[in-house]
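Oh and the sequence shown: position 44 is 44 in full-length UniProt numbering, straight run, nothing missing.
Beta carbons: idealized from backbone N, C-alpha and C, even for Gly.
Below is one structure; the comments refer to it alone.
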Amino acid sequence: MSLSLDSLVNVLGAANGTDRESSQRAEAQLQAWEAEKGYYYLLQSVYLATNLPIQLRWLAVICFKNGVERHWRSGRPNSIDKEEKASIRSRLFSSVAEKNNQLAIQNAHAVARIVRFDFPVEWPSLFDDVAKQLESFVFEKNDSVSTYNLLVSLNQIIKTVSMVRIGRARHAMQSKMPIVTPILIRLYIKFFQEWTRSNNDMVDTSVMEICYMCLKNLRRIIPEGYEKPHENQEVAEFVKITIDHLQFLVVRHEVFASDSLERFVKCYCKVYLNLINSNPTSFILLPCAQEILQSFISLLRSKAEDVYKSNEENDFWEVMAVKGILILKKMIGYVYKRGAVTLKQKSDREEVNNAITRISQSLLTTPVIRQLCDLIIDWYLRMKPADLESWLLEPEEWCNEELSSSYEFQVRPCAENFFQDVIKYFKDELSEFILTKISSELSNNDVLIKDSILCTFQLSSVSIADAVDFDRLLVDVFIPEALKNEPAETRILKRRVCLIIREWVPVKCSPQGRVAVYELLLNLLVPENPVNDKVVRLTAIQTLRIIVDDWDFVKKDFEPYLNSFIKSAITLLRDLSLPESKLYVLKTMSVLVERCNPHVDSNTLVTLADIVPAYWNETSNDNELILKNALLRLLKSLTIALNQNSYITYSLSLPLISVCCAENSEFYALLSEDGYELWLALIQFYPEASEEKKDEVVQLFPLVKYGLLNATEIMPVIISIMRAYALLAPEVFSSEVGLDLFRILGGYLPNFRDDSFAIFVSLMDILLMSKSTDEQFMNVLMNSGLFNSMVSFVLDEKQSIQSINKIVLNMSRIALGSTDVFFKLMEHISVDLVKFIEVWIGYFNNNGNPRNKKLNLLALLAIFTTGVLRREEFFIQQFPRITKLALYFLEEVNETDDGNCEAYNEHTYEDLDHYSYLDPEIKPNGESLRFHKLEAGDPAHTRNLKQCLLEVFRGLKNSLSESEFQQLISMSDEYSMERLQTLM
Numbered sequence: 001m002s003l004s005l006d007s008l009v010n011v012l013g014a015a016n017g018t019d020r021e022s023s024q025r026a027e028a029q030l031q032a033w034e035a036e037k038g039y040y041y042l043l044q045s046v047y048l049a050t051n052l053p054i055q056l057r058w059l060a061v062i063c064f065k066n067g068v069e070r071h072w073r074s075g076r077p078n079s080i081d082k083e084e085k086a087s088i089r090s091r092l093f094s095s096v097a098e099k100n101n102q103l104a105i106q107n108a109h110a111v112a113r114i115v116r117f118d119f120p121v122e123w124p125s126l127f128d129d130v131a132k133q134l135e136s137f138v139f140e141k142n143d144s145v146s147t148y149n150l151l152v153s154l155n156q157i158i159k160t161v162s163m164v165r166i167g168r169a170r171h172a173m174q175s176k177m178p179i180v181t182p183i184l185i186r187l188y189i190k191f192f193q194e195w196t197r198s199n200n201d202m203v204d205t206s207v208m209e210i211c212y213m214c215l216k217n218l219r220r221i222i223p224e225g226y227e228k229p230h231e232n233q234e235v236a237e238f239v240k241i242t243i244d245h246l247q248f249l250v251v252r253h254e255v256f257a258s259d260s261l262e263r264f265v266k267c268y269c270k271v272y273l274n275l276i277n278s279n280p281t282s283f284i285l286l287p288c289a290q291e292i293l294q295s296f297i298s299l300l301r302s303k304a305e306d307v308y309k310s311n312e313e314n315d316f317w318e319v320m321a322v323k324g325i326l327i328l329k330k331m332i333g334y335v336y337k338r339g340a341v342t343l344k345q346k347s348d349r350e351e352v353n354n355a356i357t358r359i360s361q362s363l364l365t366t367p368v369i370r371q372l373c374d375l376i377i378d379w380y381l382r383m384k385p386a387d388l389e390s391w392l393l394e395p396e397e398w399c400n401e402e403l404s405s406s407y408e409f410q411v412r413p414c415a416e417n418f419f420q421d422v423i424k425y426f427k428d429e430l431s432e433f434i435l436t437k438i439s440s441e442l443s444n445n446d447v448l449i450k451d452s453i454l455c456t457f458q459l460s461s462v463s464i465a466d467a468v469d470f471d472r473l474l475v476d477v478f479i480p481e482a483l484k485n486e487p488a489e490t491r492i493l494k495r496r497v498c499l500i501i502r503e504w505v506p507v508k509c510s511p512q513g514r515v516a517v518y519e520l521l522l523n524l525l526v527p528e529n530p531v532n533d534k535v536v537r538l539t540a541i542q543t544l545r546i547i548v549d550d551w552d553f554v555k556k557d558f559e560p561y562l563n564s565f566i567k568s569a570i571t572l573l574r575d576l577s578l579p580e581s582k583l584y585v586l587k588t589m590s591v592l593v594e595r596c597n598p599h600v601d602s603n604t605l606v607t608l609a610d611i612v613p614a615y616w617n618e619t620s621n622d623n624e625l626i627l628k629n630a631l632l633r634l635l636k637s638l639t640i641a642l643n644q645n646s647y648i649t650y651s652l653s654l655p656l657i658s659v660c661c662a663e664n665s666e667f668y669a670l671l672s673e674d675g676y677e678l679w680l681a682l683i684q685f686y687p688e689a690s691e692e693k694k695d696e697v698v699q700l701f702p703l704v705k706y707g708l709l710n711a712t713e714i715m716p717v718i719i720s721i722m723r724a725y726a727l728l729a730p731e732v733f734s735s736e737v738g739l740d741l742f743r744i745l746g747g748y749l750p751n752f753r754d755d756s757f758a759i760f761v762s763l764m765d766i767l768l769m770s771k772s773t774d775e776q777f778m779n780v781l782m783n784s785g786l787f788n789s790m791v792s793f794v795l796d797e798k799q800s801i802q803s804i805n806k807i808v809l810n811m812s813r814i815a816l817g818s819t820d821v822f823f824k825l826m827e828h829i830s831v832d833l834v835k836f837i838e839v840w841i842g843y844f845n846n847n848g849n850p851r852n853k854k855l856n857l858l859a860l861l862a863i864f865t866t867g868v869l870r871r872e873e874f875f876i877q878q879f880p881r882i883t884k885l886a887l888y889f890l891e892e893v894n895e896t897d898d899g900n901c902e903a904y905n906e907h908t909y910e911d912l913d914h915y916s917y918l919d920p921e922i923k924p925n926g927e928s929l930r931f932h933k934l935e936a937g938d939p940a941h942t943r944n945l946k947q948c949l950l951e952v953f954r955g956l957k958n959s960l961s962e963s964e965f966q967q968l969i970s971m972s973d974e975y976s977m978e979r980l981q982t983l984m
């Protein structure tokens, strides 16, 4: 079908129809037309044709917008040519009279996308055009619809260009703002006066909407369109106007509340916050800055009680309070950091100093800061009546919300965050003030006031720790307070004491104090006590996780309480109904098992394992899938803790690994990462010398391939699983699966991340230690292309020498296994053997690992004493060099007669003791035992290098003629001759 306006209209109609077959054909036709010249111009024509049905125009503008994204930029497939682009640009503002808001917004998005590509090079007059049209629509034609739509497009344009950080667009936009800004300010003032002077019940909504769009544009332009807004008189005057209008509307809100008024007030707040975030120095240097800050402080004071009593989400006064606190927070942080984040050039320093001096002397004085603290404590840190109601009616929901709430949207978390900043930045001025307030108010009978006061202590842990004897307060004040059981309001203080412990114990608490904390938390987890409701117990279990996971945690002190805590956690888990709540408990269980290993008794571990199938079957919908992740992590922790008894979990683990890690599993996307972690733990802790369930474990091995191909973000885990199999069942790598895995690894090798590369090297080291004489395995290594990739890696000058030396170690293993196989492999890939060995020898001195150096020397000696190289000139030149390297090395190490040395214990298996290297109590896992058993036969530990060198020389003397041997000896330097005579 040929492209024309009529045919496009017909196809769009078919694509929008109900006949599925016709619709699919139409969509295919539209896709085919994307490559034809004039297609997007005609789409724009359809959108502009107001006589066509809305549905067709809607589909046209969507196709147009998406096409601009894909094909506008030159160089893209089927890119739009210059002539068509120019024609489209000439009509972009022809639709501003559009009365359908949704169509106008879609067109605005399309305009912004074109601006992103064409401004300023192809469309330098953009902002001049917009300014002219605005003045025309308002002052000549009085066209409110076109004015509004043009402002919507301008807003999208400013938003798009302001996000550009590289190139000329942003700078070009800033150069044009002196043209646009005055017009927008004039329009804003004109329309604001119109709608605010009208009667409340006769407000012209179109006037209000235009006014709001002007404000919305200015909200973006002021911080993004000017490097230093305070130096522009029109901008400074406008910001002064906004604070007057803000105060006017706040007063009016009490008489005539409306969503429209609230939108304006919130937008003013965004003006100030955006400016503070982008350029706080400029904000402070505005003449009206102090008035803005004082207005928000006044609002926080006057509306504190209203905010406290509000029980609606997004309550207007609460939103205003949050904005006010955020503004003050930014100002305090700016002063404390001395404007460091805003400096762009040295000339800014004077302005920054002026700004800091102005704000410090006029506003952020010690009396003002203390008054702010009083205000925050008295009203904004207190739990609201709405909080208490939610606590009683929906304890789990309320507790979860408390833990996940964002300080930027809710007033109490915002106040807490602000107070933490204040006490940190003004520690010297406020420490004594806060401590005095705490000591004087603790006897207050109002439990909410007391909770608010204790909250300040909780939030001050880092700042006042040096001035407080926390252990004494813990025993004398907090624990007795938390142990009270009457009246019921004491649950509020029980929760607060838990929160204090959570903040203070990691900062300052003695071992004796921690023991007292354990006893308290156990008491708070007793479900029979009616005051220990779900909120108290959930808070206690979360606190427990924090202090057990702390660096200074001593598991020996915790051991007497361990089983009791686990039983309490299991009991709490059964009482909970929400997935989020259960998740906290499961996380705590995992941490307890991990940090207290090996002190958790087997019966308790088995009890915990029984939780997994029960709760796994409970979690069915997507919202509860996160519990499955937690259950997998718990099962992993149990596997590690059980160590040699980990087979107890196999009946659970093996099926779950199949469910989570199989390519066709419905859970793969969400659970595979934790599934792989569990799989790794299962193989690493598979009992040494055990055959039970080994066949089932080996049957999982083919699942590695899909993970290796697709789970590249957790590549170290996948390769670690392969390495664990190399110790448990190395024969699996001689199979077709092994061939596929090696082929994939060969492709990855040149670009491995450091962590993946290290594990790969140790994987190959283990396999070649045990399989280098296995013909089938070596064929897999050759046919997969992995050996070729390893040789290419060694010869690649772009790779680091340290990395090359690690691959050379693998080459040494092959040569030590069989020099014939080594030469066969090198011949198979047609590599210049002489060049390869020269590179090998050349990098030797850059190897810092004594064990690896010895293996290199043993391999080189083996290579050079075979018939392949012996009579070549290369042998005569290089063998004395190898001899000298070996003699130097023997001076560096002190080998025993059987060839071992302490320095050789530094193997390539860098994370061998990952689970136990800090704790001698933890017994080695099965993987560690299997590795050390294999390593016991390593030539690095069993072959004496000196004797090997001497045997090589004796063999050469017997196999070479006298003249050949003397020629070889004559190539050695004086040092080598003397050392050889000493050794012989």
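Below 8 Å, enough C-beta pairs join the segment 800-817 and the segment 853-862 to call them touching: three or more.
The Cβ neighbour count for residue 139, taken over all protein chains shown within 10 Å, is under 16; the residue is labelled exposed.
Of the residues assessed, residue 806 falls on the buried side of the cut-off, its CB having 16 or more other CB atoms within 10 angstroms. Annotated three-state conformation of residue 456 is helix, per DSSP. Inclusion of residue 573 and residue 567 in the CB contact set at 8 Å is not warranted, their separation being larger than that value. When DSSP states are grouped into helix, strand and coil, residue 852 belongs to the helix group.
Looking at the backbone, the Cα of residue 740 and that of residue 682 are separated by about 23 Å. Put simply, the backbone Cα of residue 196 is about 14 Å away from that of residue 242.
Annotated three-state conformation of residue 965 is helix, per DSSP. Pairing residue 495 with residue 531 gives a Cβ-Cβ distance that is not under 8 Å. By the CB criterion at 8 Å, residue 459 and residue 420 fall inside the cutoff. When the beta-carbon positions are compared, residue 650 and residue 687 stay at least 8 Å from each other.
Apart from sequence neighbours up to five positions away, the residues of its chain that approach residue 158 with a beta-carbon distance below 8 Å are 173, 217, 220, 221, 224 and 225, ordered along the chain.
Residue environment: residue 64 is assigned as buried (16 or more neighbouring CB atoms within 10 Å of its CB, all protein chains considered). Assignment of residue 901 by DSSP, reduced to helix, strand and coil, places it in the coil class.
Taking C-alpha positions only, residue 976 is separated from residue 928 by approximately 40 Å. With contacts defined by Cβ atoms closer than 8 Å, residue 416 and residue 381 form a contacting pair.
Pairing residue 413 with residue 456, the inter-Cα distance amounts to about 12 Å. Scanning the segment 767-820 for uninterrupted beta strand (DSSP E) segments of 3 residues or longer gives nothing; none is fully contained. Within its own chain, the residues whose Cβ lies closer than 8 Å to the Cβ of residue 711, once the five positions on either side in sequence are excluded, are 672, 673, 676, 717 and 718, listed in chain order. Counting C-beta pairs with one atom in each stretch, the segment 824-834 and the segment 781-794 have three or more that are closer than 8 Å, which means they touch.
Closest in alpha carbon position to residue 292, among 948, 43, 246 and 695, is 246. Between the alpha carbons of residue 162 and residue 155 lies a gap of roughly 11 Å. Using a C-beta cut-off of 8 Å, the segment 741-756 makes no contact with the segment 947-965, since fewer than three inter-stretch Cβ pairs fall below that distance. Excluding residues up to 5 positions away in sequence, 70 lie with their Cβ nearer than 7 Å to the Cβ of residue 76 in the same chain. Across the set 920, 877, 878 and 938, the C-alpha of 938 shows the shortest separation from the C-alpha of residue 904.
Annotated as distal: residue 211 and residue 238, with beta-carbon spacing of 8 Å or more. With respect to the 8 Å criterion, residue 183 and residue 135 are classified as neighbours on the basis of their beta carbons. For secondary structure counted as the beta strand (DSSP E) over 3 or more consecutive residues, the UniProt domain "Importin N-terminal" (26-98) holds no complete run.
Closest in C-alpha terms to residue 352, from the list 289, 338 and 624, comes 338. According to the DSSP assignment, residue 484 belongs to no alpha helix (DSSP H), since it is labelled neither H nor E.
Counting along the chain, residue 352 sits inside the alpha helix (DSSP H) bounded by residues 348-362.
Here residue 324 is buried. Its C-beta has 16 or more other C-beta atoms within 10 Å. Proximity of the segment 659-667 to the segment 892-906 falls short of the contact definition, fewer than three beta-carbon pairs being nearer than 8 Å. The beta-carbon separation of residue 861 and residue 817, rounded to 14 Å, does not stay under the 8 Å limit for a contact. By the 16-neighbour rule on beta-carbons within 10 angstroms, residue 61 is buried.
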